[in-house]
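Take a look at the structure below.
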Amino acid sequence: MIKRIAILTSGGDSPGMNAAVRSIVRTAIHYDIEVYGIKRGYQGLIEGDLIKMDTRSVSDILDRGGTMLLTARSEAFMTEEGFGRALDVLKEYSIDGLVVIGGNGSMRGAKDLSDSGVAAIGIPGTIDNDLPYTDFTIGFDTAVNTAINAIGNLRDTSSSHGRVTIVQLMGRHCGDIALFAGIGSGADVIIVPEDEYDEDEVCRRVLEGKKRGKLHCLIIAAEGAPVTCEELKTVIMEKTGMESRITVLGHVQRGGSPSSYDRLIASRMGAYAVKVLMEGRKARAVGIKNEQMIDLDITEALEIRREKRLELIELGDILAE
Ligand code: F6P
193 MIKRIAILTS GGDSPGMNAA VRSIVRTAIH YDIEVYGIKR GYQGLIEGDL IKMDTRSVSD
253 ILDRGGTMLL TARSEAFMTE EGFGRALDVL KEYSIDGLVV IGGNGSMRGA KDLSDSGVAA
313 IGIPGTIDND LPYTDFTIGF DTAVNTAINA IGNLRDTSSS HGRVTIVQLM GRHCGDIALF
373 AGIGSGADVI IVPEDEYDED EVCRRVLEGK KRGKLHCLII AAEGAPVTCE ELKTVIMEKT
433 GMESRITVLG HVQRGGSPSS YDRLIASRMG AYAVKVLMEG RKARAVGIKN EQMIDLDITE
493 ALEIRREKRL ELIELGDILA E
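Using this note's numbering, the letters of the sequence shown map in sequence onto residues 193 to 513.
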């Protein structure tokens with residue numbers, strides 16, 4: 193019987209984390225389970241920074257970006273001492289179940305706690321969409337929409353000046369934001385960490401577009417692309433003679449009101465995580481596959497690798513012709 197659970201958000205915040213927190217709190221209270229919110233992720237856990245939550249404490253957060261529980265990338269939690277302290281605090285508060293909302297690193301933290309006997313459940317909350325066991329992570333859809341809006345503005349000025357516009361989007365190891373936003377904004381070239389980079393091919397496409405009368409040229413590169421934006425700018429100037437400008441969209445992509453899709457999956461995943469705990473299942477990673485809620489063993493979930501998105505990469509290329 194689960195009597196008391198705790199929630200934390202960890203790592204990079206993402207739009208929709210609040211919707212997930214709200215859903216966990218209200219679902220748990222609906223089933224007479226007490227809920228504690230842990231501030232600043234694993235760091236707050238170590239420091240015993242917990243607050244009791246009630247249904248009203250999550251009012252008016254559904255549409256807000258960021259995380260009301262605050263977040264951190266805690267180095268102390270990685271140490272033996274910090275980890276031990278985290279276990280002690282969970283015991284002190286008699287927490288029967290912990291829900292962790294975050295990306296890859298945060299999920300690994302939940303896995304480690306599970307290995308030490310904590311009933312931990314992971315909910316994927318990151319704009320990066322870099323957890324391949326789930327089709328989507330909370331915040332990704334909003335980040336792609338934010339990027340698409342910004343790229344629309346950049347296209348106007350790119351066309352007016354006949355310049356090449358290089359846009360760097362977030363994603364150190366996963367190019368999904370660049371790929372989805374690139375296709376959605378009609379990019380001429382999309383460069384992602386998962387694909388090869390061919391300098392000559394990029395320049396050929398830039399020149400080809402110009403020859404065909406395209407006014408703008410949009411190159412979308414993920415943060416972890418195999419070439420930096422500066423290198424790209426230099427190569428384009430040398431090989432095509434065309435002027436270019438770089439925009440690094442940065443943390444703008446991480447904020448903002450969550451899209452309807454992110455609000456929906458966050459609400460579903462939050463409620464689902466509570467039910468998983470109520471059914472006595474532990475060490476699970478919650479996700480969405482073909483629009484259905486799923487939960488997998490957290491260790492197995494983290495081992496799943498995504499195949500290169502060949503279909504989307506090819507689509508981006510064809511549609512840019
Ligand atoms: O994990 C989300 C993310 O926004 C990545 O896309 C990005 O590489 C990283 O976080 C940036 O981290 P920070 O906010 O710590 O600079």
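Idealized CB from N, CA, C, for every residue including glycine. Everything numeric in this text was worked out from a predicted model, so none of it was measured.
Any non-hydrogen atom of the ligand F6P closer than 7 Å to residue i Cβ
i: His443; result: yes
i: Arg446; result: yes
i: Arg404; result: no
i: Ile287; result: no
i: Asp320; result: yes
i: Glu415; result: yes
i: Arg265; result: yes
i: Gly258; result: no
i: Arg501; result: no
i: Arg514; result: Because the chain is modelled from 193 through 513, residue 514 falls outside the range shown and cannot be assessed.
i: Gly367; result: no
i: Gly204; result: yes
Close-in-space but distant-in-sequence residues of the same chain around residue i (CB under 6 Å, 5 per side omitted)
i: Cys409; result: Val356, Asp380, Val398, Gly401
i: Leu488; result: Tyr325, Ala477
i: Gly447; result: Gly257
i: Ala335; result: Ile319, Ile369, Gln445
i: Ala512; result: Asp380
i: Val419; result: Tyr389
Span of the beta strand (DSSP E), counted from its first residue to its last, around residue i
i: Arg476; result: 476 to 481
i: Asp489; result: 484 to 489
i: Gly289; result: 289 to 294
i: Ile382; result: 381 to 383
Span of the alpha helix (DSSP H), counted from its first residue to its last, around residue i
i: Arg437; result: Here Arg437 belongs to no alpha helix (DSSP H); instead the beta strand (DSSP E) covers 436 to 440.
i: Thr193; result: This sequence places Met at residue 193; Thr is not what is there. Counting along the chain, Met193 falls outside any alpha helix (DSSP H), and DSSP gives it neither H nor E.
i: Ile369; result: 368 to 376
i: Val281; result: 272 to 284
i: Ile510; result: 502 to 511
Spatial neighbours of residue i in its chain, beta-carbon cut-off 8 Å, leaving aside the 5 residues before and after
i: Asp322; result: Gly295, Asn296, Thr329, Gly363, His365, Cys366, Asp368
i: Ala278; result: Tyr234, Leu237, Ile238, Phe269, Leu305
Close-in-space but distant-in-sequence residues of the same chain around residue i (CB under 7 Å, 5 per side omitted)
i: Ala463; result: Ser215, Thr219
i: Lys244; result: Tyr228
i: Lys517; result: Look at the range of the chain in this structure, 193 to 513, and you will see that residue 517 is not part of it.
Closer than 8 Å to chain B by CB, residue i
i: Ser298; result: Considering every chain present, this structure includes no chain B. It has just one protein chain.
Entirely enclosed beta strand (DSSP E) segments - the segment 216 to 257, minimum 3 residues
226 to 230, 242 to 245
Segments of 3+ residues assigned as beta strand (DSSP E) that fall wholly inside the segment 400 to 480:
409 to 414, 436 to 440
Length-filtered (3 minimum) beta strand (DSSP E) runs lying within the segment 304 to 379:
Correct list: 312 to 316, 356 to 361.
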